[in-house]
Amino acid sequence: MPNSGIESRRQAAIEEGGTAYIARRQEILRTAAHIFREKGYEATLRDVAEALSTDRASIYYYFGSKEEVLQEIVREALAHDMAAARAIQRSNDSTPDKIRALIYSMVVGFAEFYPHMNVHVEDLGRIARQDSAWAVEIIEETRQYEALVRAILRQGQEEGALRGDISINVAAMSLFGMINWMYRWYRPTYPVAPEEIAASFAELFLAGIVPPASAA
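The opening position of the sequence shown corresponds to residue 1 in full-length UniProt numbering, with each subsequent residue numbered one higher.
Written as structure tokens, this is what we have:
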């Protein structure tokens with residue numbers, strides 16, 4: 001990173017929270033997410049700067065490194081899902097409706113935050129291998145999210161709303177696997193709307209885990 005006092009100026013701008021500064025940071029994040037999706041993490045801040053028709057030095061006024069950019073991309077994507085899952089868990093909806101809401105929030109969030117979620121899913125393995133406070137934070141939040149989903153499924157089993165002969169962990173992993181695999185095929189140009197994808201996923205999942213009498 002250029003050593004010209006820019007780090008202190010960047011920190012001051014972040015703390016001040018000016019509308020234009022925050023908007024530019026978000027623009028850089030969106031562009032970087034697309035670049036990382038297209039070129040992988042080997043992409044550089046120079047690539048991001050070129051896509052924004054600016055020079056690399058100007059990026060450092062907003063972010064200290066490529067790693068910091070990636071961290072913010074992943075943090076934003078995960079925060080969205082965590083907030084939605086906590087609200088769904090606290091609701092008084094039935095377990096099937098909570099599952100529908102969870103799937104809806106994940107799928108629509110995946111589309112809304114595209115390609116941020118792609119970066120998160122694809123880079124989670126590399127994050128897990130890091131020995132940093134941020135990596136620990138993200139892995140812990142991911143585990144908390146998974147625990148929230150398992151808790152909703154477990155409550156459904158205890159209430160008899162879900163089949164009791166299916167492992168909670170298997171059910172949860174199958175749910176995550178179905179949605180996380182979207183990073184391989186979903187693009188904003190996909191001919192099926194995210195809301196319809198979510199509804200289809202919910203019906204496919206519930207058809208296997210809700211007892212026949214309850215489904216009827």
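Cβ coordinates follow ideal geometry from the N, Cα and C atoms, glycine included.
Given residue i as reference, the closest of the options once Cα atoms are compared
i           : options            : result
residue 29  : 6, 66, 16          : 66
residue 146 : 13, 45, 198, 180   : 180
residue 82  : 57, 55, 110, 194   : 110
residue 51  : 212, 5, 137, 27    : 27
residue 59  : 80, 207, 89, 25    : 25
residue 220 : 211, 206, 212      : The structure shown does not extend to residue 220, since the chain spans only 1 to 216, so no value can be given for it.
residue 62  : 194, 6, 193, 93    : 6
residue 150 : 168, 55, 204, 129  : 168
residue 84  : 192, 144, 131, 197 : 144
Other residues of its chain near residue i: CB distance less than 8 Å, five sequence neighbours each side excluded
i           : result
residue 202 : 99, 100, 103, 104
residue 95  : 152, 153, 155, 156, 159, 161, 162
residue 86  : 148
residue 39  : 47
residue 93  : 101
Same chain only: Cβ atoms within 7 Å of residue i, ignoring 5 sequence neighbours per side
i           : result
residue 43  : 35, 36
residue 209 : 162, 163, 166, 171
residue 56  : 45, 46, 49
Integer-rounded CB distance, given that residue j should sit under 8 Å from residue i
i          : j           : result
residue 32 : residue 73  : 7 Å
residue 70 : residue 121 : Wrong, their Cβ atoms sit about 13 Å apart, outside the cutoff.
residue 64 : residue 9   : Actually they are not in contact, since the Cβ atoms of residue 64 and residue 9 sit about 11 Å apart, beyond 8 Å.
Residues of its chain near residue i, where Cβ-Cβ distance is below 6 Å and the 5 sequence neighbours each way are ignored
i           : result
residue 182 : 110
For the stretch 98-107 and the stretch 175-182, state whether three or more C-beta atom pairs, one from each stretch, are separated by less than 8 Å.
-> Cβ pair count under 8 Å is three or more, so yes.
Three or more beta-carbon pairs under 8 Å between the stretch 112-119 and the stretch 181-195, yes or no?
-> yes
Ignoring anything shorter than 4 residues or poking outside the UniProt domain "HTH tetR-type" (22-81), list the alpha helix (DSSP H) runs there in chain order.
-> 45-51, 56-59
What beta strand (DSSP E) runs, 3 residues minimum, are completely inside the stretch 143-175?
-> none
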